[in-house]
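Numbering (the numbering used here), first residue to last: 29 to 320. Built from N, CA and C at the ideal position, the CB exists for glycine as well. Since the structure is predicted, the reported quantities are computational estimates derived from the model, not experimental observations. Written out below as structure tokens is the structure these notes cover.
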Ligand SMILES: [Zn+2]
């Protein structure tokens, strides 16, 4: 897997699943097929499968290594969770990827979750003797305090919100807090001058991007601020999975406006290989340029 280096930090990825997934019409309620077709014709071939008409969507975890720490950002769907299809991916690719990166569970120092959805906090925990326990015994898990509280409340109310709450909260989030391994942090949280959070609420109650800085360079793991490169062309196309679609669209446009042309690397969770990209301005739209 291609490694990105910025300053003293190296960044690689573990892929849990990839390939054609949903059609744009299923994913974006505001999708317009004529406009969409025009954009898709201009996008990189990796991001769309013309045979099936589906977007190519990857699920992956970032491994970030600094001179001091080994950090995971977002942990896919995990194993033994009993999620119904299509969220019942096989566990082995992620475990193989983790091992291929030369890692053992006890090597992880920190886990950041951009948000607490089913496909971003799965490997937070594993089932041991009938109990959900933190997968990484020495890690601190960094959750935004209000993100955690919102899903706790939603779960208590018995809501059925897209992406999170219910078993996702009970299996992947609550056991980490109960084990004393969670750091419930605020908007301004910063770890070791290298990592800091950037609140980008909308997709989830308190979704955060994770900024990484070293040696005068910057990268940002954007979680689900975008699911697909189409959203650079149409930032207002929010997804069916958004907590607040209008707020998600505002957060996306603000982010794209601020980062366009800066040379800061963008690290999405759901974009296929080569994944890493740069944002270029294009009038009221933006372009996603893969770093190849
Ligand atoms: Zn996601």
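Judged by DSSP secondary structure, residue 275 falls within the alpha helix (DSSP H) whose first and last residues are 273-287.
In the three-state reduction of the DSSP assignment, residue 204 falls in the helix class, which pools H, G and I. Rounded to whole angstroms, the Cβ separation of residue 172 and residue 225 is 7 Å, and the two are in contact under 8 Å. Distances from the CB of residue 297 to the heavy atoms of ligand 1 include at least one below 7 Å. DSSP lists no bridge partner for residue 165. Residue 305 is positioned such that its CB atom lies closer than 8 Å to that of residue 294. With a cut-off of 8 Å on Cβ pairs, the stretch 243-255 is not in contact with the stretch 168-186, counting fewer than three such pairs. Of the candidates 43, 216, 277, 43 places its Cα closest to the Cα of residue 124.
Considering only 58, 135, 152, the residue with the shortest C-alpha distance to residue 143 is 152. The beta carbon of residue 148 sits closer than 7 Å to at least one heavy atom of ligand 1.
In this structure, the beta-carbon distance from residue 262 to residue 289 does not fall below 8 Å. With a 10 Å radius around the Cβ and a threshold of 16 neighbouring Cβ atoms, residue 81 comes out exposed. The C-beta distance from residue 91 to residue 41 rounds to 7 Å, short enough to meet the 8 Å contact threshold.
Judged by DSSP in its simplified three-state form, residue 227 adopts strand. In terms of side-chain proximity, the C-beta atom of residue 124 is found no nearer than 7 Å to any non-hydrogen atom of ligand 1. One alpha carbon belongs to residue 175, the other to residue 233, and they sit about 6 Å apart.
Residue 139 sits buried, since 16 or more C-beta atoms from the chains shown fall within 10 Å of its C-beta. Between the alpha carbons of residue 162 and residue 199 lies a gap of roughly 10 Å. The DSSP assignment places 98-101, 138-140, 153-156, 159-162 as complete runs of the beta strand (DSSP E) inside the stretch 89-163, in order along the chain (cut-off: 3 residues). Rounded to the nearest whole angstrom, the CA to CA distance from residue 227 to residue 242 is 20 Å.
Going by DSSP, residue 178 is part of no beta strand (DSSP E) but of the alpha helix (DSSP H) stretching over 173-184.
When the beta-carbon positions are compared, residue 265 and residue 58 come within less than 8 Å of each other. A direct Cα-Cα distance of roughly 18 Å separates residue 291 from residue 36.
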